[in-house]
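Here's the structure we're looking at; comments come further down.
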Amino acid sequence: MDSSIDSAAPYAPAPPGAPTDAVAAVLSGAVDQARQAIVEFSGDTVGEYLGVGFEDETAATHRFLANMPGYQGWQWAVVVAACPGADHATVSEVVLVPGPTALLAPAWVPWEERVKPGDLSPGDLLAPAKDDPRLAPGYTATGDPAIDDVAYEVGFGRRQVLSALGRDDAAQRWHDGEFGPGAPMARGTKRVCRDCGFMVPLAGALGAMFGVCCNEMSADAHVVDFEYGCGAHSDTPPPPGSGSPLYDPYDDGVLEVVEVTTVVESPETAEQD
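Spelled out as structure tokens, the structure:
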């Protein structure tokens, strides 16, 4: 019998049929029997009794907290069975299962899905997946410079080129990314890259939505969405009163220096006055 549960939710099985009152009493009363089965199976690792749930009309599962190092939140589940007319239950299985708060190992991830954007380091090799849907077959050069120079953008000289799916995937990723219209920087201004003099549009189909920023004070060398924007737009006006204040020139050469003679009165002159 499969008694596994979803570790993210409390144990609450939905039985296809409820047992009769007599069978339910036998199944529910097998707590000590279930506890003893755990002791025989794993020694003194059985903890607090957590309750019982009916699996169907003849089976129930008793739950106990597991007291085991490294198994925080795990539970012992003992499945017992009894048929109509039985005066005692029998133990079907004893299993250790994760509870709602159990510590679980991360879900296994295939190797090819473990590498994430930003993981590539200098010297690492990362080959594309076989039959990568983002790539499409390219075409070899014809040897005619007049044709090859014109046709380079559609894949001449490359074994693989970006497929329509790869292009759409990149466009959506860039649009939703750090330099898209939803970025905090873009929401803080009314001006957009579409009409900015620092933006150079991309070639090909992606050039309808994206360009490269050439402003070293902003998103320099990054692909930006036409609806992205920042405060360093080429049409940003200077703030009023910017720059050094203007004053009339001061020329000290036009001043005339005059020496003033101070007359000191004698005491006799002061008395006569």
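So the sequence shown is numbered by our numbering: it starts at 1 and just counts up by one. Heads up, the beta-carbon is just placed ideally off N, CA and C, and yes, glycines get one too.
Worksheet entry | Spatial distance of L202 from V161 (CA atoms) | 16 Å
**Message:** Tell me the rounded alpha-carbon separation between S163 and P181.
**Reply:** 25 Å
Starting from A171, follow the alpha helix (DSSP H) in both directions and report where the run begins and ends. 164-176
C-alpha gap between G305 and A66, whole angstroms | Missing from the structure shown is residue 305; the chain here goes from 1 to 273 and no further.
Original post:
From T58 to Y71, what distance separates their C-alpha atoms?
Top reply: 30 Å
Practice problem: Could you name the residues of the same chain whose beta carbon sits closer than 7 Å to that of V263, not counting the 5 residues immediately before and after it, in chain order? | Solution: none
- request: Compare the Cα-Cα distances from N112 to each of P100, V97, K130, V79 and report the closest residue.
  value: According to the sequence shown, residue 112 is Glu rather than Asn. That would be K130, whose Cα lies nearest to the Cα of E112.
Short Cβ contact (9 Å threshold) for A37 with V78: yes
Name the DSSP bridge partner or partners of M217? Its beta-bridge partners do not exist; DSSP assigns none.
(request) Please state whether DSSP places V23 in a helix, a strand or coil. (result) helix
Q.
Which of the three DSSP states is assigned to P184 in this structure?
A. helix
Residues near Q75 by beta carbon distance below 7 Å, same chain, minus five either side | L50, R63, F64, L65, A66, V97, G99
Exercise. Between M68 and T101, which are expected to be in contact by the criterion C-beta below 8 Å, what is the C-beta distance as a whole number of angstroms?
Worked result: With a Cβ gap of about 15 Å, M68 and T101 do not count as contacting.
- Item | Separation of G118 from P106, as counted between CA atoms | 21 Å
Under DSSP, the beta strand (DSSP E) around S92 begins and ends at which residues? 90-98
Presumed contact (8 Å Cβ cut-off) between A200 and G211, rounded CB distance: Looking at the sequence itself, residue 200 is Val, so the reference to Ala does not match. Right, their Cβ atoms sit about 5 Å apart.
Self-check item: Helix, strand or coil at L65 according to DSSP, with G and I counted as helix
Solution: strand
Requested in this report: Have a look at D220, L103, A232, A183 and flag the residue whose alpha-carbon is nearest the alpha-carbon of R191.
Outcome: A232
So, helix, strand or coil for A77, using DSSP?
strand
* So V109 packs on V91, CB below 8 Å; how close in whole Å? -> At roughly 37 Å, the Cβ-Cβ gap does not stay under 8 Å, so V109 and V91 are not in contact.
* **L206, DSSP secondary structure in three states** => helix
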